[in-house]
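Chemist: Dropping the structure in here first, questions after.
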Amino acid sequence: IAPIKATRLNLQYNVFPVSLAAPQRARQPGFERLLDHPARYLCDLSGQYPVESFRQAKVFLAEAARGIAVQDVRHLELTAMADALLASLPIEADAEPVDAGVLWEAQAGVVDVLHNARQRQVCGVLLDDAWYRLRHLRQRVDTCQQLFALCARHAVLHPHHASALLVQQLVVPRSIRGQENPLHAAMARLHEPGRRAINQSTATVQRAVVWRHMLSAQDALVASLKQSATEQMLADHLSLEGFDYVAAMYELSRTLATLALLPSNVDPLAPGGDMVDAVTGVGLWDQAVSLGQKFLNQIASDVTSPLHLMLWPECDLQTACAPYVVPITDDENNGDGRFRATELARFETRPAPDPIAQVTLDATTLANLLAGDSLQNFFLINNGKATTAALVAIFENLQSASDGAANAVDKASQALASAKGTANSAHANVRSANDRLAQMQERLGTNAHKINVNRQGRGVQQLRSMMPEHFGAAFLIRRNQVTPQHYVFGLEDLPGRESLPKTRYGQYLRADGTPFGDIAPPPPSSTRLPTGDNLVLVIPRGHKTAQVVGDMNRTLKKAREAAGAVGDAERGHIRAKSGLSEA
Numbered sequence: 001i002a003p004i005k006a007t008r009l010n011l012q013y014n015v016f017p018v019s020l021a022a023p024q025r026a027r028q029p030g031f032e033r034l035l036d037h038p039a040r041y042l043c044d045l046s047g048q049y050p051v052e053s054f055r056q057a058k059v060f061l062a063e064a065a066r067g068i069a070v071q072d073v074r075h076l077e078l079t080a081m082a083d084a085l086l087a088s089l090p091i092e093a094d095a096e097p098v099d100a101g102v103l104w105e106a107q108a109g110v111v112d113v114l115h116n117a118r119q120r121q122v123c124g125v126l127l128d129d130a131w132y133r134l135r136h137l138r139q140r141v142d143t144c145q146q147l148f149a150l151c152a153r154h155a156v157l158h159p160h161h162a163s164a165l166l167v168q169q170l171v172v173p174r175s176i177r178g179q180e181n182p183l184h185a186a187m188a189r190l191h192e193p194g195r196r197a198i199n200q201s202t203a204t205v206q207r208a209v210v211w212r213h214m215l216s217a218q219d220a221l222v223a224s225l226k227q228s229a230t231e232q233m234l235a236d237h238l239s240l241e242g243f244d245y246v247a248a249m250y251e252l253s254r255t256l257a258t259l260a261l262l263p264s265n266v267d268p269l270a271p272g273g274d275m276v277d278a279v280t281g282v283g284l285w286d287q288a289v290s291l292g293q294k295f296l297n298q299i300a301s302d303v304t305s306p307l308h309l310m311l312w313p314e315c316d317l318q319t320a321c322a323p324y325v326v327p328i329t330d331d332e333n334n335g336d337g338r339f340r341a342t343e344l345a346r347f348e349t350r351p352a353p354d355p356i357a358q359v360t361l362d363a364t365t366l367a368n369l370l371a372g373d374s375l376q377n378f379f380l381i382n383n384g385k386a387t388t389a390a391l392v393a394i395f396e397n398l399q400s401a402s403d404g405a406a407n408a409v410d411k412a413s414q415a416l417a418s419a420k421g422t423a424n425s426a427h428a429n430v431r432s433a434n435d436r437l438a439q440m441q442e443r444l445g446t447n448a449h450k451i452n453v454n455r456q457g458r459g460v461q462q463l464r465s466m467m468p469e470h471f472g473a474a475f476l477i478r479r480n481q482v483t484p485q486h487y488v489f490g491l492e493d494l495p496g497r498e499s500l501p502k503t504r505y506g507q508y509l510r511a512d513g514t515p516f517g518d519i520a521p522p523p524p525s526s527t528r529l530p531t532g533d534n535l536v537l538v539i540p541r542g543h544k545t546a547q548v549v550g551d552m553n554r555t556l557k558k559a560r561e562a563a564g565a566v567g568d569a570e571r572g573h574i575r576a577k578s579g580l581s582e583a
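Heads up: the sequence shown runs through residues 1 to 583, numbered per full-length UniProt numbering.
Below is the structure:
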């Protein structure tokens, strides 16, 4: 017992005898990030771990193709599964053939890298690499997203995929949205071969494994971000200067963006937010609010949080409702990682740096993305290969993540309030139906258009401070104060909705859809957006950014109209052919 206690105390203080460590090979961080179990690879001196992982992935896919859940998937490598699944699919027309098995070839056998240290009877120091941990977990989530797409491609190859997916969504679940599903009774008449066929045609077994892996990776990512050591590490990285700071901010924004995702968001075959195994009846479904969304909403709402101060500038509504004022002095770098807009703004129009000249891994990765046009957007198209694309990506990642998390939290709160209201109304049936309908419409109208003005204003301030040349003139203004000199983002030059026939149910209508006789039109809905008292983002109409955005929107509108005209012509041609055949 004494040696065990000594070992535990040593590990508690991050010091341990090297003799305790298992024999292992030299570290390969790039390859390790592709693995779900990198420690098993490091402790395999024979070099056969990649080969065995690829073999196990093929065995799993073969068993899952039978439509029966595989019990032991503890040691499954998802990247190997993705490569094996990709190799089994037909090559797409515009894709280049890839040898997926190259990555999983046997590696050379090695001797224990700690062999000499063991002979010296020295101790080691255990250091947690939080940045490595974040990179690894984000890579696992990215692999899950890739696998969902591959599983969908695999499923659509089955001849009965469409009908099987419909049955899985509407018949297999015992309950839908908390209500008992009456169609589920039909499953009692479906024998196991039919149930297995449903799983086979929807890749349910494969997707269930990916679903669970994604949730566990996101939960581990949240747990890591909550640690004080991780916050200090992020502060160190965000205290770098120049392009290294831009790259560190971009990497962190990508990591946080993965927390806002739910498995159903990236699973093309789970439109309802759930998935049920037709054989076992075991289901997976989205939480109302995931741990990642709660964490994102917390740091976005808490202006005193260290992570909040690293990601967003200080801003109030009054500041966001006026044009941006460029600071006279640069933001100081105090080593705490606080958001430094002036340092980021230096790269607004700079060309993308040479990837070879970069020192940090983050900077090298971002420089390669810029060089390969992987961050393509309309500013990059108009300005050439500039670092502008990275700044736009930082804003988009953080804004979409915070908005998605806040919307999920608000939706869950509204659902809870609605449930409480429904429970209370059960004891108040004396009210008339019109009174209940009016109250419901009023509640929907109150909740439907609520936005967090402070959050949106903070995002506007972040965008303006990072890119003052492009967005410094933009500001928030009330809708009823907009003049012809203002260009309104998101409301101008956008494709309009196709006109739909205005069918009013419960009335007599003519053949053309107009009301028969002098029938008054229905009253306006009480849930309609009130006019005037709404904030919109505007910029002077003559500003170059307004011209770029307007040109882009008009181009998209013309393309959409052209596509619609082609569709109308094709439908007219089909009708003409049908008429000729009938004649």
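From the three backbone atoms N, C-alpha and C, an ideal C-beta is built for every residue, glycine too.
Use the C-beta contact count for Asn397: other C-beta atoms within 10 angstroms, 16 or more gives buried, fewer gives exposed.
Modeler: Mapped onto the sequence shown, residue 397 falls at position 397. Its Cβ being crowded by 16 or more others within 10 Å, Asn397 is buried.
Chemist: What number of angstroms, rounded off, separates the C-alpha of Val222 from the C-alpha of His213?
Modeler: On the sequence shown, residue 222 is found 222 positions in, with the first residue counted as 1. On the sequence shown, residue 213 is found 213 positions in, with the first residue counted as 1. Looking at the two C-alpha atoms, the distance is approximately 14 Å.
Chemist: Does DSSP put residue 591 in a helix, in a strand, or in coil?
Modeler: With the chain running from 1 to 583 in the structure shown, residue 591 is simply not present.
Chemist: Checking 9 Å against the spacing of the C-beta atoms, do Leu259 and Gln293 come in under that value?
Modeler: Translated into positions along the sequence shown, residue 259 becomes position 259. Translated into positions along the sequence shown, residue 293 becomes position 293. Yes; because the gap between Cβ atoms is below 9 Å, this pair is in contact.
Chemist: Whose CA, out of Ala563, Ala108, Thr342, lies closest to the CA of Val325?
Modeler: Start at 1 with the first residue of the sequence shown, and residue 325 comes out as number 325. The shortest C-alpha separation from Val325 is found at Thr342.
Chemist: Do Ala345 and Met249 have their CB atoms nearer than 9 Å?
Modeler: Residue mapping note: residue 345 aligns to position 345 of the sequence shown, counting from 1. Residue mapping note: residue 249 aligns to position 249 of the sequence shown, counting from 1. Result no, Cβ atoms of Ala345 and Met249 do not sit closer than 9 Å.
Chemist: Could you please give me the residues that DSSP links to Gly124 through a beta bridge?
Modeler: Residue mapping note: residue 124 aligns to position 124 of the sequence shown, counting from 1. Paired residues: Phe16.
Chemist: Can you tell me whether Val536 is helix, strand or coil according to DSSP?
Modeler: Position 536 of the sequence shown, counted from the start, is the residue given in the question as residue 536. The answer is strand: DSSP assigns Val536 an E or B state.
Chemist: Given 8 Å as the limit, is there contact between the stretch 172 to 182 and the stretch 50 to 59, that is, 3 or more CB pairs closer than that?
Modeler: These segments do not touch.
Chemist: For the alpha helix (DSSP H) containing Arg458, list its first residue and its last residue.
Modeler: Looking up residue 458 in the sequence shown gives position 458. Start and end: 453 to 466.
Chemist: When the distance is taken between beta carbons, is Asp286 closer than 9 Å to Pro263?
Modeler: Along the sequence shown, read from residue 1 onward, the residue named residue 263 stands at position 263. Along the sequence shown, read from residue 1 onward, the residue named residue 286 stands at position 286. A contact, by the Cβ cut-off of 9 Å.
Chemist: Does Ser19 pass the burial test, meaning 16 or more other C-beta atoms within 10 Å, or should it be called exposed?
Modeler: By 1-based counting over the sequence shown, the position of residue 19 is 19. By the 10 Å Cβ count, Ser19 comes out exposed.
Chemist: Since Ile477 is in the beta strand (DSSP E), which residue starts that stretch and which ends it?
Modeler: Translated into the one-based positions of the sequence shown, residue 477 becomes position 477. From DSSP, the beta strand (DSSP E) with Ile477 extends over 475 to 478.
Chemist: Could you give the C-beta distance for Val453 and Leu366, rounded to a whole number, given that I count them as a contact under 8 Å?
Modeler: On the sequence shown, position 453 is the one that residue 453 refers to. On the sequence shown, position 366 is the one that residue 366 refers to. Val453 to Leu366, Cβ: 32 Å. No contact.
Chemist: Can you look up Glu63 in the DSSP assignment and give me helix, strand or coil?
Modeler: Translated into positions along the sequence shown, residue 63 becomes position 63. DSSP places Glu63 in helix when its eight states are reduced to three.
Chemist: Can you pull the DSSP bridge partners for Asn488?
Modeler: To locate residue 488, count along the sequence shown from 1; it is residue 488. Contrary to the premise, residue 488 reads as Val rather than Asn in this sequence. Val488 is bridged to Val538.
Chemist: Take Glu469 as the anchor and find which of Glu231, Val59, Arg153, Pro323 has the nearest alpha-carbon.
Modeler: As a working mapping, residue 469 is identified with position 469 in the sequence shown. Nearest of Glu231, Val59, Arg153, Pro323 to Glu469, Cα basis: Pro323.
Chemist: Take the Cβ of Ser402 as the centre, count every other Cβ of all protein chains shown within 10 Å, and call the residue buried at 16 or more, exposed below.
Modeler: Locating residue 402 in the sequence shown gives position 402, counting from the first residue. Under this definition Ser402 is a buried residue.
Chemist: Which one of Ala26, Val125, Ala62 has the shortest CA to CA distance from Gly47?
Modeler: Residue numbering aside, residue 47 sits at position 47 when the sequence shown is read from its first letter. Selected option, being the one with the closest Cα: Ala26.
Chemist: If you run the structure through DSSP and keep just helix, strand and coil, what is Glu77?
Modeler: Against the sequence shown, residue 77 aligns to sequence position 77. Looking at Glu77 - three-state DSSP - the assignment turns out to be coil, as it is neither helix nor strand.
Chemist: Pro351 by DSSP, collapsed to three states: which one?
Modeler: Here the question's residue 351 lines up with position 351 in the sequence shown. Looking at Pro351 - three-state DSSP - the assignment turns out to be strand.
Chemist: Give me the Cα-Cα distance between Pro29 and Ala474, rounded to the nearest whole angstrom.
Modeler: In the sequence shown, residue 29 corresponds to position 29, counting from 1. In the sequence shown, residue 474 corresponds to position 474, counting from 1. Going by the C-alpha atoms only, they are around 43 Å apart.
Chemist: To which residues of the same chain is Gln107 closer than 6 Å at the C-beta, ignoring the five residues directly before and after it?
Modeler: In the sequence shown, the residue the question calls residue 107 occupies position 107. Hits under 6 Å: Gly47.
Chemist: Would you check if the stretch 168 to 176 and the stretch 114 to 129 touch, i.e. whether three or more CB-CB distances between them fall below 8 Å?
Modeler: Short answer: they don't touch.
Chemist: I need the boundaries of the alpha helix (DSSP H) containing Met214, first residue and last residue.
Modeler: Residue mapping note: residue 214 aligns to position 214 of the sequence shown, counting from 1. 204 to 225 is the span of the alpha helix (DSSP H), which, as asked, contains Met214.
Chemist: Tell me which same chain residues have a C-beta within less than 6 Å of the C-beta of Arg140, skipping the five on either side of it?
Modeler: Reading the sequence shown from its first residue, position 140 is the one you call residue 140. Within the same chain, Arg140 has close Cβ partners Ala217.
Chemist: Tell me the rounded alpha-carbon separation between Arg55 and Thr230.
Modeler: The residue given as residue 55 occupies position 55 in the sequence shown. The residue given as residue 230 occupies position 230 in the sequence shown. Those two C-alpha atoms are separated by around 36 Å.
Chemist: At the level of alpha carbons, what is the spacing between Val59 and Tyr245?
Modeler: Locating residue 59 in the sequence shown gives position 59, counting from the first residue. Locating residue 245 in the sequence shown gives position 245, counting from the first residue. Rounded to whole angstroms, Val59 to Tyr245 spans 44 Å at the Cα level.
Chemist: Identify which residue in Ala357, Leu307, Leu240, His115 has its Cα closest to the Cα of Ala22.
Modeler: Counted from its first residue, the sequence shown places residue 22 at position 22. Taking only the C-alpha atoms, the option nearest Ala22 is His115.
Chemist: Expressed to the nearest angstrom, what Euclidean distance is found between the alpha-carbon atoms of Ala288 and Ser201?
Modeler: Locating residue 288 in the sequence shown gives position 288, counting from the first residue. Locating residue 201 in the sequence shown gives position 201, counting from the first residue. Rounded to whole angstroms, Ala288 to Ser201 spans 28 Å at the Cα level.
Chemist: Is the closest heavy atom of the ligand GDP to the C-beta of Val409 under 8 Å?
Modeler: Because no ligand of any kind appears in the structure shown, any question about the ligand GDP cannot be addressed here.
Chemist: Name the two residues that bound the continuous alpha helix (DSSP H) containing Met233.
Modeler: Mapped onto the sequence shown, residue 233 falls at position 233. Its alpha helix (DSSP H) spans residues 228 to 237.
Chemist: By Cβ distance, which residues of its chain are closer than 8 Å to Asp36, with the 5 residues on each side in sequence left out?
Modeler: Taking the sequence shown and counting its residues from 1, one reaches residue 36 at position 36. The residues are Leu76, Glu77, Leu78, Thr79, Arg140, His213.
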